[in-house]
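So for the sequence shown, the UniProt record's numbering puts the first residue at 1; every next one is plus one. Every residue, glycine too, gets a C-beta built ideally from N, C-alpha and C. Structure first, commentary second.
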Amino acid sequence: MTRNIFYFIIALITVVSACKKDDNAAIAERPVVEAYLLAGRPISVRVYQQKAFSDTATYGPLLSGLQLQVSDGSQTVNLTESATGTYTYADGAFLQAGKTYTLQFTYNSIAISASTVMPQPTTGYATSLTNLSVPNERRDIADSVAVTYTWNNPDSLYHIMAFKNDEVTPYFIGGGFNTPANFTVNTEKAAVYQAKYRSFNYVGTYKVILFTVNEEYIKMLTSNTNTSSQKLDNPPGNIVNAYGIFTGMQADTLGLAINQ
Numbered sequence: 001m002t003r004n005i006f007y008f009i010i011a012l013i014t015v016v017s018a019c020k021k022d023d024n025a026a027i028a029e030r031p032v033v034e035a036y037l038l039a040g041r042p043i044s045v046r047v048y049q050q051k052a053f054s055d056t057a058t059y060g061p062l063l064s065g066l067q068l069q070v071s072d073g074s075q076t077v078n079l080t081e082s083a084t085g086t087y088t089y090a091d092g093a094f095l096q097a098g099k100t101y102t103l104q105f106t107y108n109s110i111a112i113s114a115s116t117v118m119p120q121p122t123t124g125y126a127t128s129l130t131n132l133s134v135p136n137e138r139r140d141i142a143d144s145v146a147v148t149y150t151w152n153n154p155d156s157l158y159h160i161m162a163f164k165n166d167e168v169t170p171y172f173i174g175g176g177f178n179t180p181a182n183f184t185v186n187t188e189k190a191a192v193y194q195a196k197y198r199s200f201n202y203v204g205t206y207k208v209i210l211f212t213v214n215e216e217y218i219k220m221l222t223s224n225t226n227t228s229s230q231k232l233d234n235p236p237g238n239i240v241n242a243y244g245i246f247t248g249m250q251a252d253t254l255g256l257a258i259n260q
């Protein structure tokens, strides 16, 4: 379960790694931070060097030797560099719903910081069915509702749904649609999502993960969808004196079996 959730945290969003149109010296002074905090799970923060505009790589090199701290307002923990540029804290009990977490470290004598709130867990996550038969020829029903997901959302929190096919080699059903085996949906502040038949092109078992996320995550996600990061003058994010994202989220999972 943990592996599936973290797979989608990486796949859902690519940190904006282009910065303001300054010279290379200014670019190098600001790192890129990537941290998705899940309640009850260990902390993992990656820190990259900002890449130049001429560099076609997604990220710059990972930055080693930093001293990262995370505070919940009453307790401050020191993160350990478990791999190059990856800083972790193993006690998952530290991350709890409703608390505000602040990241702090120094890079090139510049104080870097970020804060996020761990959202409350979503309750009442349910599905209209757990087994779905999808015909090979389904043009007549492509836009019909195949399965409905509902959850409680009295506070109008943001949600992302991730559909992950668990098969090693998913079998392609066909039918003229190009939806990938794994896909994500921004449900915004809704409390229901109706998946249509055109979304399912592969036989197999799916994990359907409902992420409760914060506004900073949505801003990053929608900006990456609508704009090339290489063209951004002011990339989104919630890191002070750096780029990237430090955000809390919750996750709940249901199963779905697709067959013909």
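Distance from E188 to Y158 at the Cβ level is roughly 6 Å; contact confirmed, criterion being Cβ atoms closer than 8 Å.
By the neighbour-count criterion, in which 16 or more other beta carbons inside 10 Å mark a residue as buried, L129 falls on the exposed side. Just measuring C-alpha positions, the residue of T247, Q49, N238, Y125 sitting nearest Y193 is Y125. F172 counts as exposed, since fewer than 16 other C-beta atoms from the protein chains shown sit within 10 angstroms of its C-beta. In this structure L37 touches L95 by the C-beta definition: roughly 6 Å separates them, less than 8 Å. DSSP lists L210 as the beta-bridge partner residues of D252. With fewer than 16 other beta carbons inside 10 angstroms of its own, N259 counts as exposed. According to the DSSP secondary-structure assignment, K164 is paired through a beta bridge with K207. Here the C-alpha atom of F105 lies approximately 16 Å from the C-alpha atom of T247.
Straight through space, the alpha carbons of S156 and R138 are spaced by roughly 34 Å. Taking a 10 Å sphere around the C-beta of E167, we find fewer than 16 other C-beta atoms and assign the residue as exposed. Apart from the 5 residues on each side of it in sequence, R46 sits with its Cβ closer than 8 Å to the Cβ of V33, E34, A35, L62, G85, T86, Y87 in its chain, given in chain order. The residues V134, I258, in chain order, have a CB closer than 6 Å to that of F200 in the same chain once the five nearest residues on each side in sequence are set aside. In this structure, Q120 lies near G98, with their beta-carbon atoms less than 8 Å apart.
With a cutoff of 8 Å on beta-carbon distance, G73 and G40 are scored as not near each other. Cβ contact annotation for T150 (same chain, cutoff 6 Å, sequence separation greater than five): A126, V192, in chain order. Between the alpha carbons of N78 and N238 lies a distance of about 21 Å. Close CB contacts of Q69 within its chain, under the 6 Å cut and outside five residues either way in sequence, are with T76, N78, Q104 (chain order).
S109 and P154 have their C-alpha atoms roughly 44 Å apart. Per DSSP, the continuous beta strand (DSSP E) segment holding F105 begins and ends at 100-107.
Boundaries of the beta strand (DSSP E) around V32: 32-38.
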